[in-house]
Amino acid sequence: QNQFQVTNQVTMEGSYKNRYDVTLLINGLPLVQIELKRRGLELKEAFNQTNRYQRHSYDSSYGLFQYIQIFVVSNGVNTKYYANNKNQSFKFTSFWADKDNKKITNLSDFTKVFLEKCHISKMIAKYTVLTTKKELVVLRPYQYYAVEAIIDRVVNSNKNGYIWHTTGSGKTLTSFKASQILIDISEVYKVVFVVDRNDLDTQTIREFNSFKDGSVDTTNNTNKLVQQFSDETKLIVTTIQKLDNAITIEHHQKIMDNLKDKKIIFIFDECHRSQFGQTHKKINQYFNNKQLFGFTGTPIFKENASSNNLGKRTTAQLFDECLHKYVITDAIADENVLKFAVEYVGKYQEKKDSANEIAIDVEAIDVEELMESTQRLDKISDYILANHDRKAHSREFTAMMAVSSINVLTKYYELFKTKELAGQHNLRIATIFTYSANENDQDANGLLDEDITFENITKINSHSRDKLESYIADYNQMFGTNYTTKDSKSFYHYYRDIADRVKKREIDLLLVVNMFLTGFDSKTLNTLYVDKNLRYHGLLQAYSRTNRILNEQKSQGNIVVFRNLKKATDDAIALFSNKEANELIFMHPYEVYLQQFNQAINQLRKLTPTPSDVDNLQGEKQELSFVTSFRELMRLKNILISFADFKFEDSDMTEQIFEDFKSKYLDIYDKVKSAKEKEKVSILEDVDFELELIHRDEINVDYIIKLLARLIDSNDDQKDKIMTTVMNTLSNDPLLRSKRELIEKFIKHNLPTITDSDEVTNQFDDFWAKEKIEAFETICKEEGLMTDKLQQLINDYLFTGVKPRKDDLAKVLIKQPKILERETIITKINKKLNKFIETFVEGI
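For the sequence shown, the numbering used here gives the first residue as 16, with consecutive numbering after it.
Right under this line is the structure:
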């Protein structure tokens, strides 16, 4: 019923003229855009090209190309697809695959399957989601097959089933899309999405509502849930506890009994909780026309089943057949989650002189007194403080620490606090717990007991509660909040606030016993410190908090273990993938990456023996070779710096030489950026320079000023080191290079007159404000611009993040130029304004 057309080499002219390779039109609208590169070229080049088209020309003419839903990029051998999303990263592109997760990468094979008319229509119409942030998300193949399997089960049978998709693979989006399609099936009365904890309940609601605002009504209590069962609400998200109340408490029966024969679909999140067997039995007995579907990243098999009053129950016993499987090895192979770098810290280390060989006991697991001794915990806290910045890439990422009990947690918290007061660190540390006892987690599975909720926080013993109250007071002082344990609602908001601040990187280290070890997703969390026994699904769930995909800088999830969990780790991986999976799931040892780093150094030096040789490269092909060689060096260094053993002295290059090469690398980047502004064609234009491997958020003007303030009170040796750091940073941080000239001016003319280090910041602020006003007035005077309108353009940029376009700049001119002069004049203004923004607005 649709009209399909194919066109190629369509040319559109916006701020630049662009020609698109292949466009698929459905009913006259360009809905699929395909960019092709020759074999051997990086797929990322095609991806970067579509990003340029979005910026330059998709909104030109009548803006028809803004209707694009899906992009496809290919170099013939590899082919990937992704949704039209202006904030996309190459990390979130996908290969298509068959039902068994075998990738379909060749362009011809991909075209036959993915671009088949009915399939591409279905992907656009049914399997693309517009989030509340107005961003398109398209399902990955394993998500597609899972939803299709559930729909087929509901339409063609009354059987149950479960989906085994590894933790971190986008389970919530899959279950949302399944729910969304199911509620449109006329025979289905309700879809009930069931979680087993209040914190997951609300997290799921927030995630569902991010896909479609208002798609879920919150169920504050059982009365509200029962009401939703009888009203027009099609999709319900609730906890297993409230569902249990609804079908067992007598005064709800009048309403619920009328619904027993209705077609109700129950979807269970993480369908293996410890008490689930009893509620599962009640649901089966109560509802006559139900179907149950479970999602899990770590199913329960005979090997990892724990007992309850119904005996040991496996996922298959509860939900019958596995409808689709996508295990951790599949996700890592597809680059949908990261590998783990596991370091075992303690005196059983075989390697001599390792930074991980510290005198803490890791074998005496049963000797509680020894394992919880202040001396042991003190050494571990010292190790964390010594290595945290390298693990978290200088606070670019956050970390969690999982410990065995509340008693141990309080000891760690107070050790860290004492060390902070002594000036040994400035980490922002927070904690939360709801356990009512201090014993070790019996199953060591990292899961909360089902009866522990935010409402019964009062059950915590008084000593633990007083401790937690004091820790929350520290938190309130740190962030200007007002939370307490004395009110369950306030404590719940405390939980929510912690979750948000970890994601925003406002908390450096979160201490937990069991909370947050399952169900918590944060792309900015990259490190887990472990001082508790974990095994099977609890171990893999906890480890998986660290391996969400974010950017090039986040190359792995770091796991630092202070107990002997090697066998437990190997057993968990064997159970949830296969016995040979270790090499796929875990990073190589430090020595392997060091060897690769030295090989990359040798490769780079064949082209450019010294940094100054970069200036003598002949043409863009040689520059491209240098860029790709040094980029590989940066990637490897990014992996190496997270290892406690890494020292530049172990490599074949000094740190200063590396910094000098980095400066030359950025010189080429600046040249390419300048060529783009002049509309010159460059083979380097679509190369991803991966500046996130260089730039760190905390390196900004404020950072430089703090270094300069230290100069005032330093001796000569210290001054030399500080100035070397300052000059390297100014040369090698992308955001600071544009400010280098002005900062050097301040260092030369203003700094020598300052005698009080506390005055450096004030003096620099005055200097910077004066320079900014002068630069602004100079642009207006030289180019004949209206100051108020130019300021408004800059304000608009600060608000939207979009730099002014040529038509906007024309309106700022006091006197309109002749037609033949217009392009030249506006280009010159655009260049000056961009330089002003880069200098005085960005990275401040």
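Note that beta-carbon positions come from the ideal geometry of N, C-alpha and C, so glycine has one too.
Owing to the predicted nature of the structure, the values given are computational and were not obtained by experimental measurement.
* Going by DSSP, which residues form a beta bridge with L39? -> Here residue 39 corresponds to residue number 24 of the sequence shown, with the count starting at 1. For L39, which the question treats as bridged, DSSP gives the partners V21 and V47.
* Nearest-angstrom Cα distance between Q610 and V741? -> Position 595 of the sequence shown, counted from the start, is the residue given in the question as residue 610. Position 726 of the sequence shown, counted from the start, is the residue given in the question as residue 741. If you draw a straight line from the Cα of Q610 to the Cα of V741, it is about 30 Å long.
* Pull up the DSSP beta-bridge partners for S109, would you. => Numbered from its first residue, the sequence shown carries residue 109 at position 94. Per DSSP, Y96.
* Helix, strand or coil at R755 according to DSSP, with G and I counted as helix -> The residue you call residue 755 lines up with position 740 of the sequence shown. Here R755 sits in helix by DSSP.
* Taking I279 as the reference, give the member of E647, N175 and Y160 with the closest Cα. => Translated into the one-based positions of the sequence shown, residue 279 becomes position 264. Comparing C-alpha distances from I279 to each of E647, N175 and Y160 shows the shortest one belongs to N175.
* To do: Measure the alpha-carbon distance for K149 versus G534 and round it to whole angstroms.
  => Here residue 149 refers to the residue found at position 134 when the sequence shown is read from its first residue. Here residue 534 refers to the residue found at position 519 when the sequence shown is read from its first residue. Their backbone Cα atoms lie some 25 Å apart in a straight line.
* Asked: Would DSSP call L130 helix, strand or coil?
  -> Locating residue 130 in the sequence shown gives position 115, counting from the first residue. Looking at L130 - three-state DSSP - the assignment turns out to be coil, as it is neither helix nor strand.
* Reduced DSSP secondary structure (H/G/I, E/B, other) of V342 -> Start at 1 with the first residue of the sequence shown, and residue 342 comes out as number 327. Reduced to three states, the DSSP call for V342 is coil.
* With a 10 Å radius around its C-beta and 16 neighbouring C-beta atoms as the bar for buried, classify K371 as buried or exposed. => For the purposes of this step, residue 371 is taken as the residue at position 356 of the sequence shown. In the sequence as presented, Lys is not what sits at residue 371; that position holds Asn. Classification of N371: buried, given that the 10 Å Cβ count is 16 or more.
* Buried/exposed call for Q556, threshold 16 Cβ in 10 Å -> On the sequence shown, residue 556 is found 541 positions in, with the first residue counted as 1. Flag for Q556 reads buried.
* To do: Could you spell out the range, first to last residue, of the alpha helix (DSSP H) harbouring K652?
  => On the sequence shown, position 637 is the one that residue 652 refers to. Element bounds for K652: G634 to L655.
* To do: Measure how close the beta-carbons of N402 and A659 come, nearest whole angstrom, since I'm counting them as under 8 Å.
  => The count along the sequence shown starts at 1 and reaches residue 402 at position 387. The count along the sequence shown starts at 1 and reaches residue 659 at position 644. Between A659 and N402 the Cβ distance is about 5 Å, and since that is below 8 Å, they are a contact.
* To do: Check the DSSP bridge columns for A356 and list the partner residues they point to.
  => Position 341 of the sequence shown, counted from the start, is the residue given in the question as residue 356. Per the DSSP secondary-structure output, A356 pairs in a beta bridge with N573.
* What are the start and end residues of the alpha helix (DSSP H) that includes F431? -> Within the sequence shown, residue 431 is the residue found at index 416, counting from 1. Its alpha helix (DSSP H) spans residues I421 to L436.
* Is L483 buried or exposed, if buried means 16 or more other CB atoms sit within 10 Å of its CB? -> Taking the sequence shown and counting its residues from 1, one reaches residue 483 at position 468. By the Cβ neighbour-count rule, L483 is buried, with 16 or more other Cβ atoms within 10 Å of its own.
* Kindly indicate which three-state DSSP category L543 falls into: helix, strand or coil? => Within the sequence shown, numbered from 1, the residue matching residue 543 stands at position 528. L543: strand per DSSP, three-state reduction.
* Exposed or buried, which one is K861 when buried takes at least 16 other CB atoms within 10 Å? -> What is shown of the chain runs 16 to 859, which leaves residue 861 out entirely.
* To do: Grab me the residues of Y486's own chain with a C-beta within less than 7 Å of its C-beta, minus the 5 sequence neighbours each way, in chain order.
  => Looking up residue 486 in the sequence shown gives position 471. Excluding sequence neighbours, Y486 sits near Y428 and T446.
* Asked: Is G55 helix, strand or coil when you go by DSSP?
  -> Within the sequence shown, residue 55 is the residue found at index 40, counting from 1. Note: G55 maps to coil in three-state DSSP.
* Asked: So, do the stretch 728-736 and the stretch 795-811 have three or more beta carbon pairs nearer to each other than 8 Å?
  -> Taking 8 Å as the limit for Cβ pairs, the verdict is that the stretch 795-811 does not touch the stretch 728-736.
* **Beta-carbon proximity of T313 to F531, cut-off 8 Å** => For the purposes of this step, residue 313 is identified with residue 298 of the sequence shown, where counting begins at 1. For the purposes of this step, residue 531 is identified with residue 516 of the sequence shown, where counting begins at 1. No. Outside cutoff.
* **H408 burial status per 10 Å Cβ neighbour count (16 or more: buried)** => To locate residue 408, count along the sequence shown from 1; it is residue 393. Under this definition H408 is a buried residue.
* **Proximity test, Cβ basis, 8 Å: I262 and chain B** => No chain B is present in this structure, which holds just one protein chain.
* Asked: How about L353 and K569: are their beta carbons less than 8 Å apart?
  -> Translated into the one-based positions of the sequence shown, residue 353 becomes position 338. Translated into the one-based positions of the sequence shown, residue 569 becomes position 554. Taking 8 Å as the cut-off, the beta carbon of L353 is found closer than this to the beta carbon of K569.
* Between the C-alpha atoms of L751 and T744, what's the straight-line distance to the nearest angstrom? -> By one-based count along the sequence shown, residue 751 stands at place 736. By one-based count along the sequence shown, residue 744 stands at place 729. Taking the straight line joining both Cα atoms gives about 8 Å.
* Asked: For K688, which option in H478, F125, K538 and D703 has the closest C-alpha, if you only look at C-alpha atoms?
  -> Within the sequence shown, residue 688 is the residue found at index 673, counting from 1. For K688, the nearest C-alpha among the options comes from D703.
* Mind checking E365: buried by the 16 CB within 10 Å criterion, or exposed? -> Taking the sequence shown and counting its residues from 1, one reaches residue 365 at position 350. Note that E365 has pLDDT 48, beneath the 50 cutoff, so the model's placement of it is unreliable and the number below is only indicative. Exposed: under 16 other Cβ atoms inside 10 Å.
* Stretch-stretch touch, CB-based, cutoff 8 Å, three pairs: the stretch 335-343 with the stretch 572-587 -> Verdict: no, contact absent.
* **Beta-bridge partners of K763, as assigned by DSSP** => Position 748 of the sequence shown, counting from 1, holds the residue named residue 763. Partner(s): none; K763 has no beta bridge.
* Nearest candidate by alpha-carbon position, reference R480, set T425, L524, N497 and L526 -> By one-based count along the sequence shown, residue 480 stands at place 465. Per the Cα distances, T425.
* Is the distance from the Cβ of Q571 to the Cβ of A356 below 8 Å? -> Here residue 571 refers to the residue found at position 556 of the sequence shown. Here residue 356 refers to the residue found at position 341 of the sequence shown. Between Q571 and A356, the C-beta spacing is below 8 Å.
* How should R34 be labelled, buried or exposed, when 16 other C-beta atoms within 10 angstroms of its C-beta is the threshold for buried? -> Translated into the one-based positions of the sequence shown, residue 34 becomes position 19. Its Cβ having fewer than 16 others within 10 Å, R34 is exposed.
* Contacts around I600, its chain only, beta-carbon distance under 8 Å, and the 5 residues preceding and following it disregarded -> For the purposes of this step, residue 600 is taken as residue 585 along the sequence shown, with counting starting at 1. Counting only Cβ-Cβ distances below 8 Å, and skipping sequence neighbours, we find I343, T344, I347, K354, F355, I588 and S592.
* Hey, how far is the Cα of V162 from the Cα of K297? -> Counted from its first residue, the sequence shown places residue 162 at position 147. Counted from its first residue, the sequence shown places residue 297 at position 282. Going by C-alpha positions, V162 is about 26 Å away from K297.
* Whose C-beta lies closer than 6 Å to the C-beta of R711 among residues of the same chain, with five residues either side of it excluded? -> Taking the sequence shown and counting its residues from 1, the one referred to as residue 711 is at position 696. For R711, the predicted structure reports a pLDDT of 49, less than 50, and the residue's modelled location is therefore unreliable. A value from the coordinates is still provided. Answer for R711: S409 and E411, listed in chain order.
* To do: Entirely within the stretch 258-294 and at least 3 residues each: give me those beta strand (DSSP E) ranges in chain order.
  => Fully enclosed beta strand (DSSP E) runs of 3 or longer: 279-284.
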